[in-house]
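Numbered per this note's numbering, the sequence shown spans residues 10 to 237.
Reading through the structure tokens given below for one structure.
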Amino acid sequence: MVGGGNPPSPGEISLSHHGVLFLDELPEFNRRTLEVMRQPLEDRVVTISRALRSTTFPADFMLVAALNPCPCGYRTDPRRSCHCAPPVIEKYMGKVSGPLLDRIDIHIEVPAVAFSELQSGAPGTSSSEMREQVMRARMIQAKRFEGKSTRVNSQLNTRQLREVCVLGTTERNMLRDAVNDNGLSARAHDKILRLARTIADLDDAANIKAEHIHEAINYRILDRDIWK
Ligand SMILES: [Zn+2]
10 MVGGGNPPSP GEISLSHHGV LFLDELPEFN RRTLEVMRQP LEDRVVTISR ALRSTTFPAD
70 FMLVAALNPC PCGYRTDPRR SCHCAPPVIE KYMGKVSGPL LDRIDIHIEV PAVAFSELQS
130 GAPGTSSSEM REQVMRARMI QAKRFEGKST RVNSQLNTRQ LREVCVLGTT ERNMLRDAVN
190 DNGLSARAHD KILRLARTIA DLDDAANIKA EHIHEAINYR ILDRDIWK
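The following block contains the structure:
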């Protein structure tokens, strides 16, 4: 996954540089393999050290991963019953470490789609509309970071966060309660802020509003106790 061998050759994370690395059934991967991805996810590069020399490969990839809520997959499905015992669920979810989840910006639940909805064909946002929205948000960020090495909100460091993500009292209290109630880490706190800034950009809003913070908090579903 991260590369290796002698002489060192790049792994999947470097082959996905400036692209997407999709890992389906995340808990099925070897836990150690997943853990070594933590550093490259932060640094955007991976260094493979050998006795005589070390080699650094680029690894600026977008990680997309999928996992079931339990081994049978029906734990959160209202139409089916899950017979997985709590220790089995715990062991399954435990294969993905907290520190790795902490480094993932967005956690969302994708419920099974009911037959009626499959048939209804109700139109959602089309891909072209979504593309336009994303392009607009990118333009806002290009303007915000003009002349700086930061290109997008996800690259904001802690100091920049304080300048760019100024919150009102309501928003600050919402974030404080979410951090306290769910025992969120400092990293998760910063991720919520960056994400709220992006949601506000998608909304073409100059300031981060309560609804943006609320949405960003809801994208930390795996940090909550019910999922552990
Ligand atoms: Zn189950």
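Yeah, the Cβ is synthetic: ideal placement off N, Cα and C, and Gly gets one too.
Because the structure is a prediction, the values reported are computed rather than measured.
- Counting only the Cα atoms, residue 122 lies some 12 Å from residue 130.
- Closest in alpha carbon position to residue 47, among 215, 59 and 72, is 72.
- Not one heavy atom of ligand 1 lies closer than 6 Å to the C-beta of residue 89.
- Beta-bridge annotation (DSSP): residue 66 is paired with 55.
- Contiguous alpha helix (DSSP H) elements confined to the segment 63–117 occur at 95–103 and 107–111, taking only those with 4 or more residues.
- Between residue 199 and residue 145, the beta carbon gap of about 24 Å keeps them out of contact (Cβ cut-off 8 Å).
- The beta-carbon separation of residue 12 and residue 66, rounded to 6 Å, stays under the 8 Å limit for a contact.
- Annotated three-state conformation of residue 229 is strand, per DSSP.
- Exclusion of residue 101 from the 6 Å shell around ligand 1 follows from its C-beta lying no nearer than that to any non-hydrogen atom of the ligand.
- Cβ-Cβ distances below 7 Å link residue 217 to 174, 176, 180, 205, 206 and 209 in the same chain, with the five nearest sequence neighbours on each side left out; the list follows chain order.
- Each of 211, 79 and 195 was checked against the Cα of residue 139, and the nearest Cα belongs to 211.
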